[in-house]
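Just remember that this note's numbering sits 902 ahead of the position in the sequence shown, which is counted from 1.
Presented below is the structure to which this report refers.
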Amino acid sequence: MSNASGRLVDRFGRVHTNLRVSVTDRCNIRCLYCMPNENVQFMPRDEILSFEEIARFVRVAAGLGVNKLRLTGGEPLVRHELAELIRLLARIEGIDDIALTTNGILLDQHARELKEAGLHRLNISLDTLDEDTYRQISRREGVDRIVAGIVAAQQAGFEKIRINAVTMRGINDQDVTTLSRFAREHDLEMRFIEFMPLDAENAWENELVVTGSEVRARLEDAFGPLVAAERGDPSQPAVDYNFADGGGRVGLINPVSEPFCDQCNRLRITAEGKIRNCLFSTTEWDARALLRGSASDAELADLIREAVSAKKRGHGIDEPHFVRPERAMYQIGG
Ligand code: SAM
Ligand code: SF4
């Protein structure tokens, strides 16, 4: 029988409490590990979930034990009036943590209203401080604007801001130390993410992945020993280290070299309302059809439960029969 409550436990005992909501597939830059450079086919606007539809979905998910949200995309700050959505989500009973991942380009204009709307945490993506390298990666300009966005976010009262960098061999692996120095100097937490096979141009290959252990070795050469930090939340994807000299913390997210699927508690909904139980999922569940039909909350809850029940043990990147999802990262929501 259907009901709209009960926790989201999959076949492997993983309890899903963390929902990533993509609010758009549009973006103002074109990172080579995510989007095509040209001729991007964006979803028609009327296919994108409205704020009310997103809020209803989140309300139902919260009834199933989801308590953490991350808004992502595409670039969430290109979605008009995003703060209004945050305001709606912050009011939902059971949601006690709302985070946002942004490329930072528009952040200086929005940091204050995001904070006032109830956003708790910010991750800002910045792969290099060198404008030429930035242009090579994002096919746009941006370092100065992102740094201005970081400053604005700190002034708006965001604490423990994380900076995400995807490291790619021969492109920005040299930037690991400059980024970390910048983070140490500005009280930011640096996180390095291994490049995953989710780019739109099929350029991914194993040789381009700079593994977390390589990043760690580079950092130890530059700053001295890194000391493994206590693992507060086992489901968090990063392995955290403290700099032994007291200069802050760095996180390594190693989905390729050290998959953390065993601890995964994440569920996703794409901008047009498809539920995905994994970044690498090749199956989707159509929540929009229910949201725009006459379905009850209990039916929506059943769909979410079905997606969670079907979750595989792992992403299988390293398996011989691995199949890339048809969607690239910007169409999923990272
Ligand atoms: N536009 C926002 C941004 O860039 O922060 C949010 C969406 S973006 C898809 C979310 C995160 O995914 C970013 O930190 C980005 O660097 C990361 N990402 C994108 N493609 C990736 C890939 N192929 N492998 C690893 N991380 C990736
Ligand atoms: Fe845009 Fe983020 Fe993808 Fe870069 S990673 S192209 S900023 S969505």
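A virtual CB, placed ideally from N, CA and C, is assigned to each residue, including glycine.
Could you spell out the range, first to last residue, of the beta strand (DSSP E) harbouring residue i?
i, result
"G1153", "1151-1155"
"Y1232", "Where Y1232 is concerned, there is no enclosing beta strand (DSSP E), although the alpha helix (DSSP H) it sits in stretches over 1231-1234."
"A1130", "1128-1130"
"K1176", "1176-1178"
"S1211", "Where S1211 is concerned, there is no enclosing beta strand (DSSP E), although the alpha helix (DSSP H) it sits in stretches over 1199-1211."
"K970", "970-974"
"L1024", "1023-1027"
"L1169", "1168-1171"
"R909", "Segment: none, R909 is in no beta strand (DSSP E) and carries neither H nor E."
"F1145", "1141-1145"
"S924", "920-924"
How is the alpha helix (DSSP H) around residue i delimited, first residue to last?
i, result
"A985", "984-992"
"A1189", "1189-1194"
"A1001", "Unbroken run through A1001 is the beta strand (DSSP E), 999-1004; no alpha helix (DSSP H)."
"L934", "Here L934 belongs to no alpha helix (DSSP H), and DSSP marks it neither H nor E."
"I956", "953-965"
"R1014", "1009-1019"
Leaving out five residues on either side along the sequence, give the residues of the same chain with a beta carbon under 6 angstroms from the beta carbon of residue i.
i, result
"S904", "With a pLDDT of 43 at S904, under the threshold of 50, the predicted position of this residue should be treated as unreliable, though the coordinate-derived value follows. If we look at S904 and ignore the five residues flanking it on each side, its Cβ neighbours are A1200, D1204."
"V1252", "A query on residue 1252 cannot be resolved here, the shown segment of the chain reaching from 903 to 1236 and no further."
"L1110", "M1070, R1071, F1097"
"T1035", "N1074"
"N1108", "none"
"G1051", "G1006, L1009, D1010"
"R1014", "A1058"
"A1209", "I1177, N1179, W1187"
"G1150", "R1086"
"H1012", "L979"
"T955", "Residue 955 is actually Glu in this sequence, not Thr. Hits under 6 angstroms: L1193."
"Q1165", "P1136, S1137"
"K1213", "D912, N1179"
"R1047", "I1007"
"L1090", "I1063, I1065"
Keeping to the same chain, check which residues put their C-beta closer than 8 angstroms to that of residue i; ignore five residues upstream and five downstream.
i, result
"V980", "T926, R928, C929, N930, L1008"
"I1095", "N1066, A1067, V1068, T1069, I1155, P1157"
"I997", "V960, A964, V968, N969, K970, L971, L991"
"P1227", "L1100, L1181, F1182, S1183, T1184, I1234"
"R1093", "N1025, R1064, I1065, N1066, A1067, A1140, V1152, G1153, L1154, I1155"
"G1195", "none"
"H1022", "D999, I1000, A1001"
"S1159", "E1096, V1111, T1113, G1114, S1115"
"V917", "R909, L910, V911, G967, N1167"
"A1131", "D1142, Y1143, N1144, R1151"
Could you name the residues of the same chain whose beta carbon sits closer than 7 angstroms to that of residue i, not counting the 5 residues immediately before and after it, in chain order?
i, result
"R922", "R972, T974, R1168, R1170, G1235"
"A906", "Any reading at A906 needs caution, since the residue's pLDDT is 49, under 50, leaving its predicted position unreliable; the model's value is listed next. Taken in chain order, the residues that qualify are V962, G965, D1199, A1200, A1203."
"I950", "T926, A1173, E1174"
"A1230", "C936, M937, L1100, D1101, A1102"
"F953", "E986, L987, L990"
"C1163", "R1215, G1216, H1217"
"F1224", "G1218"
"V1117", "T1069, V1078, F1094, L1154"
"G1044", "I931, I1007, Y1036"
"T919", "G967, V968, N969, K970, N1167"
"N944", "The residue you asked about is not Asn; residue 944 is Phe in the sequence shown. These residues qualify, in order along the chain: D927, R928."
"G908", "L966"
Whole-angstrom Cβ separation of residue i and residue j, contact assumed at under 8 angstroms?
i, j, result
"L1016", "L1028", "Going by Cβ atoms, the distance from L1016 to L1028 rounds to 18 angstroms, so no, they are not a contact pair."
"G1020", "Y1232", "Contact flag wrong, Cβ pair sits at about 26 angstroms."
"A1055", "I994", "Going by Cβ atoms, the distance from A1055 to I994 rounds to 24 angstroms, so no, they are not a contact pair."
"R1120", "V1078", "5 angstroms"
"S1211", "R913", "7 angstroms"
"L934", "A1105", "7 angstroms"
"N939", "R1041", "5 angstroms"
- Item | Inter-stretch contact at 8 angstroms, needing at least 3 Cβ pairs: the region 1211-1225 / the region 1166-1182 | yes
- Assess, as a yes-or-no matter, whether the region 923-931 is touched by the region 1132-1150 under the definition of 3 or more beta carbon pairs within less than 8 angstroms. no
- Report yes or no: do the region 1166-1177 and the region 1187-1200 share at least 3 C-beta pairs separated by less than 8 angstroms? yes
- Message: If contact is defined by three or more beta carbon pairs under 8 angstroms, each pair taking one atom from either stretch, is the region 1144-1157 in contact with the region 1076-1091?
- Response: yes
- Task: Scan the region 1029-1070 and note each continuous beta strand (DSSP E) run of 3 residues or more that stays entirely inside, going in chain order.
- Result: 1064-1069
- Item | Touch test, the region 1119-1129 against the region 1053-1067, Cβ-Cβ under 8 angstroms, three pairs minimum | no
- Complete beta strand (DSSP E) runs within the region 1062-1118 (minimum length 3 residues, chain order): 1064-1069, 1091-1096
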